[in-house]
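Below is one structure, written out as structure tokens, with a few remarks after it.
Numbering (the working numbering), first residue to last: 1194 to 1614.
Pasting the structure below:
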């Protein structure tokens, strides 16, 4: 087999004549010019010219950042991933081989990121890798549960059924993510707009009051002086915030695989007011849904527990999973061993116990996942109202302080003027 560990894609511009006899031009991301030609020819295009596309500096910079983060592929939206999984599932169900299905899904990919990765996956499969092996090079794009599903289904010969279950799980996860974004959209936009207005008032309106008051030879009130201090140090402050944010982001990227640091961060974020409980429930849903699907796919229990912990997104849970596996190997039931898993609700433990006793563990964990999903939906609805209220209070407080600080000098001048008469 060819050495294909370093397959990388780039953009190519192509010109070809389609099956209807019309001339077309387009752009495709692929590892090589030959790969572009092969894909077009498979779609019955009469290929003309193919050349590397010029890359703008911004795209080159972003790609360099992505490469600096290491292997694993780009991060993609859950909904885009679910769409690609469904496309591949339908094509395999229609009788295509896995390689043909993935190749056909390239053109219909919902985003350029996924399209580029799928092109590389097809190239790896052409060179002899299995479907699970080819996808396995992009664990950051597809995630641990996706790779486990594909691997187990490939072994058992149940790709269409397993990919359908994976699609359903990803769709539900995407729905939850969309509802969270929708619930927080208004507060984010309102908060951002109010901060821009506040900064504009400080930057452009405050100097007018400062000049007016300086003409009377009086000291500014303390709140107004505080605003002037903020204005004078605004650029260094914003620069410091940007540098701090960049430093934290770089540190998080460097330590994303560090389980000990992740455990500490999880313990903090799961206790956050308002958002903490929602993050816990999302973690519980991902764990239950992944465990249920892996059990249906006949993945061994110890491996299923490890994959489900990684799919949950919680490094705290990842760290405790070996303890659960060890207790199971010592003869304890799954439900009893699961008490070592942090923040796992009693209802899930009870359902796991019933499922283990009846031999329907996948069905009971599915029921647990559905119940948690309903709780998440209800919490997201109430979360939006809470955040809106807090945002309005914050905006009123900030704007009230600024307006008060701007008008205080005028009031003081009025008092001084009346006293002088």
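We put the CB at the ideal spot given by N, CA and C, even for glycine.
Beta-carbon contacts of residue i that lie in its chain and below 7 angstroms, excluding the five residues immediately before and after
{"i": "residue 1391", "result": "1591, 1592 and 1595"}
{"i": "residue 1324", "result": "1291, 1318, 1343 and 1347"}
{"i": "residue 1469", "result": "1462 and 1463"}
{"i": "residue 1263", "result": "Interpretation of residue 1263 is limited by its pLDDT of 45, a score under 50 that renders its predicted location unreliable; no figure is taken from the coordinates."}
{"i": "residue 1601", "result": "1414, 1416 and 1417"}
{"i": "residue 1399", "result": "1420, 1421, 1424 and 1599"}
{"i": "residue 1190", "result": "Shown here, the chain extends from 1194 to 1614; a query on residue 1190 therefore has no answer."}
Contacts around residue i, its chain only, beta-carbon distance under 6 angstroms, and the 5 residues preceding and following it disregarded
{"i": "residue 1244", "result": "1206"}
{"i": "residue 1241", "result": "1208 and 1209"}
{"i": "residue 1276", "result": "1303"}
{"i": "residue 1272", "result": "1367"}
Secondary structure of residue i, DSSP reduced to three states
{"i": "residue 1203", "result": "strand"}
{"i": "residue 1497", "result": "helix"}
{"i": "residue 1449", "result": "coil"}
{"i": "residue 1553", "result": "coil"}
{"i": "residue 1216", "result": "strand"}
{"i": "residue 1304", "result": "coil"}
{"i": "residue 1467", "result": "coil"}
{"i": "residue 1221", "result": "strand"}
{"i": "residue 1309", "result": "helix"}
{"i": "residue 1566", "result": "helix"}
{"i": "residue 1615", "result": "With the chain covering only 1194 through 1614, there is no way to say anything about residue 1615."}
CB-CB length for residue i against residue j, believed under 8 angstroms
{"i": "residue 1541", "j": "residue 1477", "result": "7 angstroms"}
{"i": "residue 1642", "j": "residue 1333", "result": "Nothing can be reported for residue 1642, as the shown portion of the chain is limited to 1194 through 1614."}
{"i": "residue 1296", "j": "residue 1315", "result": "5 angstroms"}
Buried or exposed (CB count within 10 angstroms, at least 16 for buried), residue i
{"i": "residue 1217", "result": "exposed"}
{"i": "residue 1467", "result": "exposed"}
{"i": "residue 1280", "result": "buried"}
{"i": "residue 1224", "result": "buried"}
{"i": "residue 1574", "result": "exposed"}
{"i": "residue 1479", "result": "buried"}
{"i": "residue 1306", "result": "buried"}
{"i": "residue 1511", "result": "buried"}
{"i": "residue 1441", "result": "exposed"}
{"i": "residue 1345", "result": "buried"}
{"i": "residue 1603", "result": "exposed"}
{"i": "residue 1497", "result": "buried"}
Own chain residues within Cβ distance below 8 angstroms of residue i, not counting five before or after
{"i": "residue 1597", "result": "1416"}
{"i": "residue 1471", "result": "1373, 1569, 1572, 1573 and 1576"}
{"i": "residue 1213", "result": "none"}
Between the region 1521 to 1530 and the region 1501 to 1511, can you find at least three pairs of beta-carbon atoms closer than 8 angstroms? no
Tell me whether the region 1557 to 1567 and the region 1373 to 1390 touch, counting them as touching only if at least three CB pairs, one residue from each stretch, are closer than 8 angstroms. In short, these stretches do not touch, since the Cβ pair count stays below three.
Tell me, please, whether the region 1486 to 1503 touches the region 1357 to 1367 by the rule of three or more beta-carbon pairs shorter than 8 angstroms. yes
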